[in-house]
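K.L.:
So that we are looking at the same thing, I have put the structure below in structure tokens.
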Amino acid sequence: MLMLLAIKALINLNGPGHYLHWGFIQLSVGNALVIALMVVVFLGAIFVPFHGQRGRKP
67 MLMLLAIKAL INLNGPGHYL HWGFIQLSVG NALVIALMVV VFLGAIFVPF
117 HGQRGRKP
């Protein structure tokens with residue numbers, strides 16, 4: 067219970083939202099962070115080498 071209260075205290079959702087503006091595009095900062103993290107995970111999935119069948123001889 068104490069941990070939940072500590073997490074709730076970090077983020078105040080009672081204030082006005084913060085938005086980014088690019089011409090006709092308006093995006094909240096929270097959504098921009100989620101999109102950026104999704105792009106990072108996607109690029110990591112493409113470029114990080116996975117252990118697999120590469121290098122094994124039959």
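Residue numbers (our numbering): 67 to 124. Note that the Cβ used here is the ideal one computed from N, Cα and C, for glycine as well. Computed from a predicted structure; not experimentally measured.
Would you check if the distance between the CB atom of His84 and the CB atom of Ser94 is smaller than 8 angstroms?
P.N.:
Here residue 84 refers to the residue found at position 18 when the sequence shown is read from its first residue. Here residue 94 refers to the residue found at position 28 when the sequence shown is read from its first residue. Contact flag set, yes.
K.L.:
Got a sec? Which residues, its chain only, sit under 8 angstroms from His117 by beta carbon, not counting five neighbours each side?
P.N.:
Walking along the sequence shown from the start, residue 117 turns up at place 51. Excluding positions up to five away in sequence, the list is empty.
K.L.:
I need the DSSP call for Ile112, collapsed to helix, strand or coil.
P.N.:
Translated into the one-based positions of the sequence shown, residue 112 becomes position 46. Here Ile112 sits in helix by DSSP.
K.L.:
Helix, strand or coil for Leu70 per DSSP?
P.N.:
Against the sequence shown, residue 70 aligns to sequence position 4. In this structure, Leu70 counts as helix in the three-state DSSP scheme.
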